[in-house]
Amino acid sequence: YEEIKGVIPALITPFDHEENFDEMRMRKTVNWLLEEGVHGFYLTGSTGEGFLMTPEERKVVVEVVVDEVKGRVPVIVHVGAIGTKISIDLAKHAEKAGADAVSSVPPFYWRFSDDAIFQYYEDLATATSLPMIIYNVPLAGLFGFDFIKRLSGIPHVHGVKYTAYTHQDIHKAKAQIGKDFMVYSGADEMAVSGILNEADGIIGSFYSMLPDVFVNIYDHVKKEEFKEAQRLQKIAVDIIEASLKFDYYAVIKVAMKWMGMDAGYVRRPFRNLTAEQEEAVKASYREIRD
Ligand code: HMN
604 YEEIKGVIPA LITPFDHEEN FDEMRMRKTV NWLLEEGVHG FYLTGSTGEG FLMTPEERKV
664 VVEVVVDEVK GRVPVIVHVG AIGTKISIDL AKHAEKAGAD AVSSVPPFYW RFSDDAIFQY
724 YEDLATATSL PMIIYNVPLA GLFGFDFIKR LSGIPHVHGV KYTAYTHQDI HKAKAQIGKD
784 FMVYSGADEM AVSGILNEAD GIIGSFYSML PDVFVNIYDH VKKEEFKEAQ RLQKIAVDII
844 EASLKFDYYA VIKVAMKWMG MDAGYVRRPF RNLTAEQEEA VKASYREIRD
């Protein structure tokens, strides 16, 4: 793919009742989202519960999705792990499996120094010929702009998944790093702002659940139909905020089920919703108004 742009769901990974990867539900989810018009996929990230899977399981997810997508849209594979060797192995596998790009959170938990993080990205990005999308996310520790700029100098580093709210830095990245340094806005609540502030695309959890809403938001902003974009974004924010009261990857899967796309269950320690909680979520969505 020349360019990876637009609305890119951070794909959920369906599990069955016993927490096994559910290949059939995965294939159906991919096709459902493509019918809803999404422009790409981001696999086995936070939303994909990647850190709850073994490397072997992550590889199976990648193979199944790439096989089902059949080149219709680009596929970015999140290969992040704390150990560089594990990430490199996943990246090499993603390349062989036919992914279009790889991405990774920085190594986390031990609070690695900037130099260690730089080295991690250098080792990982140069291990394959795929473009590498670095990942700026509060859960793993946000980078400052200067550090993003430093990382952008590594061969194959092609862009950033930017899950921060400081969207003015997207302009800075475009101006100081280059127009072709890809920036993907990662906060679903801020999709309109991200696109308006020059992001090339949006990658996030709720694009698995509300693909049509966000594809419309993206199109409206591009056509400068801001009133409608704003209206849809406000509804989306209300839905997101109601969902964040629970383990929201479980909410996303349950809401997809309501729409006829049974996306299965989450893996522990995430908790699936009880029947009562499901009703509570439904009731809170019903209260949402324009
Ligand atoms: C990923 O799978 O890596 C995520 O999509 C990252 C993404 O930016 C999401 N952040 C997290 O899951 C921590 C957002 O889409 C987020 O879920 C959303 O903005 C709701 O707050």
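Using the numbering used here, you'd call the opening residue of the sequence shown number 604 and step up by one each time. Don't be surprised by glycine CBs; every beta carbon is placed ideally from N, CA and C. For clarity, every value in this text was computed on a predicted model and none was experimentally measured.
Cα-Cα separation between residue i and residue j, rounded to whole angstroms
i    : j    : result
F817 : I685 : 32 Å
Y888 : P758 : 45 Å
M656 : E626 : 14 Å
W713 : L745 : 14 Å
G609 : M785 : 11 Å
K631 : M864 : 8 Å
K699 : G643 : 19 Å
Proximity of residue i and residue j at Cβ, strictly below 8 Å
i    : j    : result
G653 : T647 : yes
Y645 : P612 : yes
T650 : L693 : no
D791 : I843 : yes
I806 : Y787 : yes
K856 : A845 : no
W695 : T731 : Looking at the sequence itself, residue 695 is Lys, so the reference to Trp does not match. Yes, these two residues count as a Cβ contact at 8 Å.
D720 : N739 : The displayed chain sequence assigns Ile, not Asp, to residue 720. In this structure, N739 does not lie closer than 8 Å to I720 by Cβ.
A853 : R874 : yes
H770 : M735 : no
V667 : V678 : no
Heavy atom of the ligand HMN within 7 Å of residue i beta-carbon
i    : result
V795 : no
L813 : no
L655 : no
S755 : no
H770 : no
L745 : no
Residue i, buried or exposed, once every other Cβ within 10 Å from all chains shown has been counted against 16
i    : result
I776 : Going by the sequence as given, residue 776 is Ala instead of Ile. With 16 or more other Cβ atoms within 10 Å, it is buried.
Y765 : buried
L847 : exposed
R628 : buried
P741 : exposed
S716 : exposed
Counterpart residues of residue i in DSSP-defined beta bridges
i    : result
Y868 : F618
I691 : Bridge partners of I691: none, in fact.
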